[in-house]
Each structure stands twice: as C-alpha cells, then as structure tokens.
C-alpha cells in the first residue's frame, strides 16, 4: 500500500460523512482567470499553488479522460483516461500564466513518464492543459527552458483544454483538513527531496 493509499484508508470514514467546503483565503475583487495543471497527486499540487501569490483559489479534479463525472476509484483504476489535476483560479494582474506554468514545472517530476514520486500510473502524468494558441506557445517555451536547464528530457505533455470534473469533497484542501496524515504522505513520497535534487543549481 502506498503512503497515499494509507492516508486515504485512514480517512475513509470521515470522507463518507462529508467535509466542509475547501477554498483558499478570500480574494479581493479583481480580474480572474483559470488554468489547469496535472502534476501527480492533486493534494500536493493544490498545496503548492495555494502558496503562490496571485492564486486566489484551487480545486482538485480530473480532466483529459473519456467518461463523464468520473470517481476517484475509476480514475485510480486507469479505466477513464483522466489525469488528476488542479484548476487554478488566479489574478492575472498579480501572477502571469507564464509564471504559473514555470511554477508547475518546478513542482512536479517532469522527467518521469511513469508518474510522480511514489505515485505511479497514467493518472499521475505531468501535463499542462492549454485553452488557446498563446497558452500553448507559453507552455512549449517553458518546457523547452526547463529541458535546457535540466539537461534531461522533459516529459510534461501539452494537452488541449478538456472538461474538468471536480473531485470528491474529501480531496479538496486535504492538506489543511488532515495535516498530520498529509505531511506523512508527502514526506514518505519524497517529493520535496526529489525536487531539491532535480533542480539544485539549475535555475
């Protein structure tokens, strides 16, 4: 059983009972835009993006598959083609789409086509979902930059925007609701250690 599977099993009863709605800190009025990223476990991607200035909300979900309204169990079984994703709502006057893409690439295992850290499987692939030609251009340029900096092949995919399906409520803001279990999962998975090793001295 993976560290993440253990954490899920430990909170299954609470999940069935329901949890309070998860949102980032209340955002002041202003322009809003959204972007969708896949970078492995959406618990961790949500936490990382929540700490980026200019991000006003994050939502865990599934995208890129071929079935409607998939469940976590279906996605985990690999039958739907979906990736675990985070939909990021942000203020473009405070953080640009380019900065979001760069942040995504530096917070996921961009050299492993099999998954992310301790989580392996097609649903954990690294990907950027683009809504238009400009986003595609930015994503391609940032991937090329990361590849030059790392001196390795970057396997992050650029995918066309697809329907976003919100994940079950117990996944939303998991790191806030279950800090001890989440921290054990993250440490056991080795995400931070691997990213430090991958990017050390490389920009």
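Residue numbers (mature numbering (1 follows the signal peptide of the UniProt record, and there is no 0)): -24 to -1, 1 to 179.
Cβ atoms here follow ideal geometry from the backbone N, Cα and C, with glycine treated the same way.
These numbers were taken from a predicted model, which means no experiment stands behind them.
Membership of residue 142 in the beta strand (DSSP E) is indicated by the continuous run 140 to 142.
With at least 16 other beta carbons inside 10 angstroms of its own, residue 95 counts as buried. With respect to the 7 Å criterion, residue 103 and residue 14 are classified as neighbours on the basis of their beta carbons. In this structure residue 38 touches residue 58 by the C-beta definition: roughly 4 Å separates them, less than 8 Å. Excluding its 5 nearest sequence neighbours in each direction, residue 133 has C-beta neighbours in its own chain below 6 Å: 103, listed in chain order.
When 9, 111 and 20 are compared, the shortest CA-CA separation from residue 166 is found for 20.
C-alpha of residue 109 to C-alpha of residue 150: approximately 33 Å in a straight line. Residue 136 carries a strand assignment under DSSP once its states are collapsed to helix, strand and coil.
For residue 70, the CB contacts under 7 Å within the same chain, skipping 5 residues up- and downstream, are 29 and 30 in chain order.
Residue 108 carries a coil assignment under DSSP once its states are collapsed to helix, strand and coil.
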